[in-house]
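Enquirer:
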């Protein structure tokens, strides 16, 4: 038996996964257990879960893989330091940050003092792990490969070819030039300071016009070889100290842009300030610039490799708006985006890379068509939780039923959705990646004009410009969207057919788009049954789906789901087969 434990540690979205004889048994992000968004540290609880799910001890693990290699691109680092005369203060700051991160072996000794790991630790270059996280679990035997993000191991992106189980990197884009850092800087400029806030810019962009695209083209410069550069006059992260917090905390990154950017674009927004049309237009301009740079790169790659399939990874792979436009703006026809495109996904990428390297004769690949890799709980667990909370679930306020069949459960839930009720839907194994995909979801009726406001009033309390997503039966996608594709991980935004938009206003964004999730019976039969029951009632084969949380990481345990239900105004909570409703 061969056991590989893959981890993303001491970086944003710390995570772990486990492979047993090449089979992905479990994967989870640390934030789901410690309840701190985007946790950057050692993923001890994720590791404990993975070992438990695989029913093995740490001493039985043969290999640990890490999605970073400190030795990677070292000559590029030295050349940059000498060429740009980097200040000693900045070098000292970066050295102290690196030193503060414990070695992986030290971390395992600290968190697992009773167990002995006698295997080998492998450090896999950051972008190689990204590419592996998509290609080695994709349906393609041959594909163009692209990774685009902020920075990792002194590179911000790379591209190459994957064939069978082999990956060849042909080109890298190095620090300080980064499409991810450009987008993050604009996110900060618009007044969204938190790590991971880039999705807010995507949601805001359709409310604006790209009036400032000409200025964006002076910030991001496109080269003839498909690559891009930053006009470094508008940034400061490469030449002076910028605050970074990565060690056992929620990540924080200081302002990346310089005063020159403010002089060029206009005054930056503080997070408490009103969002004006200017900010919306900046968001629209930045999103369009991002898309132009990405499609410029992809078109060059397609001309070079003449392949119809593409595997996309890296943190910028989470830009679902751009992903949904790839087929319309390039000659790529088949696009696979990793379930966890960002740094968390590097845990899976590094593990699969080593698995294939250790078994070079095995050319078979794992196709990852679902992301249900987290913890699950039994009906007995749920019953015990409800018994423990009898004082909080009085008969005067709540009804509790155990529904005997899936058919009855999904029909009852579908009917409640059709009545405009807000449903907490907690089922099976927790999803891997940033999206709720029907096992840790809050559901609503997509037909209601007011459902978005209802959700924000009762639970989410988030910015009004952020859209909610549709989960649609796979077999109906072509009837409701302009493009027909597999989107199991909610990583692509498509245009909803113009004639259908008025039927589903709650999941139709201001520009007529929807960030869809396709639901197949083979990968999530219970969720498929629920949406089918809703379709039987309404002739609408989709439901509104948003993450089961309230300004916190997505719930992991039944206890967290119940607590969220009780402290909000959610109407119904479905925990496995238990149906709990407010009276």
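In the numbering used here, the protein residues as written are 791 to 1373. Every residue, glycine too, gets a C-beta built ideally from N, C-alpha and C.
Please report the distance separating the alpha-carbon of residue 1356 from that of residue 1187.
Expert: Position 566 of the chain shown holds residue 1356. Position 397 of the chain shown holds residue 1187. The alpha-carbon atoms of residue 1356 and residue 1187 are separated by roughly 11 Å.
Enquirer: What is the DSSP secondary structure of residue 985, counted as helix, strand or coil?
Expert: Here residue 985 corresponds to residue number 195 of the chain shown, with the count starting at 1. Coil at residue 985, not helix or strand.
Enquirer: According to the neighbour-count rule (16 or more other Cβ atoms, all chains shown, within 10 Å of its Cβ), is residue 1033 buried or exposed?
Expert: Taking the first residue of the chain shown as 1, we reach residue 1033 at position 243. Per the 10 Å Cβ criterion, exposed.
Enquirer: Tell me, which residues are paired with residue 1290 by DSSP?
Expert: Position 500 of the chain shown, counted from the start, is the residue given in the question as residue 1290. None; residue 1290 has no bridge partner.
Enquirer: For residue 1279, name the three-state secondary structure that DSSP assigns.
Expert: As a first step, residue 1279 is located in the chain shown; it is residue number 489 there, counting from the start. Of the three classes helix, strand and coil, the one that applies to residue 1279 here is coil, per DSSP.
Enquirer: Please report how far the alpha carbon of residue 1089 lies from the alpha carbon of residue 1104, in whole angstroms.
Expert: Position 299 of the chain shown holds residue 1089. Position 314 of the chain shown holds residue 1104. Looking at the two C-alpha atoms, the distance is approximately 18 Å.
Enquirer: Provide the residue(s) that pair with residue 910 in DSSP beta bridges, ordered along the chain.
Expert: Indexing the chain shown from 1 puts residue 910 at position 120. In the DSSP output, where bridge partners are listed per residue, residue 910 has 853.
Enquirer: For residue 1203, count neighbouring Cβ atoms within 10 angstroms of its own Cβ and tell me buried if that reaches 16, exposed if not.
Expert: Looking up residue 1203 in the chain shown gives position 413. Per the 10 Å Cβ criterion, buried.
Enquirer: Look at the alpha carbon of residue 1065 and the alpha carbon of residue 1072, and state the distance between them as a whole number of angstroms.
Expert: Stepping through the chain shown from its first residue, residue 1065 is reached at position 275. Stepping through the chain shown from its first residue, residue 1072 is reached at position 282. Roughly 11 Å separates the two Cα atoms.
Enquirer: Could you compute how far the alpha carbon of residue 1377 sits from the alpha carbon of residue 1264?
Expert: The structure shown does not extend to residue 1377, since the chain is modelled only from 791 to 1373, so the question has no answer here.
Enquirer: Taking the straight line between their C-alpha atoms, what separation do you get for residue 1025 and residue 1159?
Expert: Here residue 1025 is taken as the residue at index 235 of the chain shown, counted from 1. Here residue 1159 is taken as the residue at index 369 of the chain shown, counted from 1. Their Cα atoms are separated by approximately 39 Å.
Enquirer: For residue 819, does the three-state DSSP call read helix, strand or coil?
Expert: The sequence position of residue 819 within the chain shown is 29, counting from 1. Here residue 819 sits in strand by DSSP.
Enquirer: Can you tell me whether residue 993 is helix, strand or coil according to DSSP?
Expert: One-based indexing of the chain shown puts residue 993 at position 203. Helix at residue 993.
Enquirer: If I follow the unbroken alpha helix (DSSP H) through residue 807, where does it start and stop?
Expert: Within the chain shown, the letter at position 17 stands for residue 807. Premise fails: residue 807 lies in the beta strand (DSSP E), 805-810, not in any alpha helix (DSSP H).
Enquirer: For the alpha helix (DSSP H) holding residue 1065, just list the boundary residues, first then last.
Expert: Counting from 1 along the chain shown, the entry for residue 1065 is found at position 275. First-last for residue 1065: undefined, no H or E at that position.
Enquirer: Assuming residue 1379 and residue 833 are in contact, meaning their beta carbons sit under 8 Å apart, how far apart are those beta carbons, in whole angstroms?
Expert: The structure shown does not extend to residue 1379, since the chain is modelled only from 791 through 1373, so no value can be given for it.
Enquirer: Quick check: the stretch 813-829 against the stretch 853-863, are at least 3 beta-carbon pairs closer than 8 Å?
Expert: Segments in contact, no.
Enquirer: What's the call for residue 1123, buried or exposed, on a 16-neighbour Cβ count within 10 Å?
Expert: Taking the chain shown and counting its residues from 1, one reaches residue 1123 at position 333. Exposed.
Enquirer: So which of 1141, 1069, 1173 has the shortest CA-CA distance to residue 810?
Expert: Position 20 of the chain shown holds residue 810. For residue 810, the nearest C-alpha among the options comes from 1141.
Enquirer: Ends of the alpha helix (DSSP H) at residue 1351?
Expert: Within the chain shown, residue 1351 is the residue found at index 561, counting from 1. Element bounds for residue 1351: 1348-1357.
Enquirer: Within 8 Å, do at least three Cβ pairs link the stretch 1321-1339 to the stretch 1190-1208?
Expert: Result yes; three or more Cβ-Cβ pairs closer than 8 Å.
Enquirer: Taking DSSP as the reference, what is the three-state secondary structure of residue 1215?
Expert: Here the question's residue 1215 lines up with position 425 in the chain shown. Correct three-state label for residue 1215: strand.
Enquirer: Can you check which of these residues, 1196, 1294, 1311, 794, is closest to residue 1304 by C-alpha distance?
Expert: Walking along the chain shown from the start, residue 1304 turns up at place 514. With distances taken between Cα atoms, residue 1304 lies closest to 1294.
Enquirer: Can you tell which of 842, 1081, 1039, 929 has its C-alpha closest to the C-alpha of residue 969?
Expert: Indexing the chain shown from 1 puts residue 969 at position 179. When only C-alpha atoms are compared, the closest one is 1081.
Enquirer: Kindly give me the distance between the Cβ atoms of residue 1041 and residue 1234, rounded to whole angstroms, as I take these residues to be in contact under 8 Å.
Expert: Along the chain shown, read from residue 1 onward, the residue named residue 1041 stands at position 251. Along the chain shown, read from residue 1 onward, the residue named residue 1234 stands at position 444. With a Cβ gap of about 31 Å, residue 1041 and residue 1234 do not count as contacting.
Enquirer: Within 10 angstroms of the Cβ of residue 1267, are there 16 or more other Cβ atoms? Answer buried if so, exposed if not.
Expert: As a working note, residue 1267 is residue 477 in the chain shown. Counting Cβ neighbours within 10 Å, residue 1267 comes out buried, since at least 16 surround it.
Enquirer: For residue 1331, I'd like the list of residues in its chain whose CB is within less than 7 Å of its CB, leaving aside the five on either flank, ordered along the chain.
Expert: The residue labelled residue 1331 in the question sits at position 541 within the chain shown. Excluding residues within five positions, the ones whose Cβ falls inside 7 Å are 1262, 1263, 1266, 1321, 1325.
Enquirer: Express the C-alpha separation of residue 1283 and residue 1115 in angstroms, rounding to a whole number.
Expert: Taking the first residue of the chain shown as position 1, residue 1115 is located at position 325. Taking the first residue of the chain shown as position 1, residue 1283 is located at position 493. Each residue's Cα considered, the two are about 8 Å apart.
Enquirer: Under the assumption that residue 925 contacts residue 957 (Cβ atoms under 8 Å), give the Cβ distance between them as a whole number of angstroms.
Expert: The residue given as residue 925 occupies position 135 in the chain shown. The residue given as residue 957 occupies position 167 in the chain shown. Between residue 957 and residue 925 the Cβ distance is about 6 Å, and since that is below 8 Å, they are a contact.
Enquirer: Do you know offhand how far residue 1043's Cα is from residue 985's?
Expert: Stepping through the chain shown from its first residue, residue 1043 is reached at position 253. Stepping through the chain shown from its first residue, residue 985 is reached at position 195. Their Cα atoms are separated by approximately 7 Å.
Enquirer: In the DSSP assignment, what are the bridge partners of residue 1018?
Expert: For the purposes of this step, residue 1018 is taken as residue 228 along the chain shown, with counting starting at 1. Its beta-bridge partners are 1012.
Enquirer: Would you grab the beta carbon distance between residue 1076 and residue 973 for me? Rounded to a whole angstrom, and I think it's under 8 Å.
Expert: Locating residue 1076 in the chain shown gives position 286, counting from the first residue. Locating residue 973 in the chain shown gives position 183, counting from the first residue. That belief holds up - the Cβ atoms of residue 1076 and residue 973 are roughly 7 Å apart, short of 8 Å.
Enquirer: From what residue to what residue does the alpha helix (DSSP H) around residue 1142 run?
Expert: Walking along the chain shown from the start, residue 1142 turns up at place 352. Per DSSP, residue 1142 belongs to the alpha helix (DSSP H) from 1136-1148.
Enquirer: I'd like the span of the beta strand (DSSP E) that includes residue 945, first residue to last.
Expert: Within the chain shown, residue 945 is the residue found at index 155, counting from 1. Its beta strand (DSSP E) spans residues 945-953.
Enquirer: Do you know how far the Cα of residue 1352 is from the Cα of residue 1296?
Expert: Position 506 of the chain shown, counted from the start, is the residue given in the question as residue 1296. Position 562 of the chain shown, counted from the start, is the residue given in the question as residue 1352. Cα to Cα, residue 1296 sits roughly 25 Å from residue 1352.
Enquirer: So is residue 1006 buried or exposed if we call it buried at 16+ other beta carbons inside 10 Å?
Expert: On the chain shown, residue 1006 is found 216 positions in, with the first residue counted as 1. Burial call: buried.
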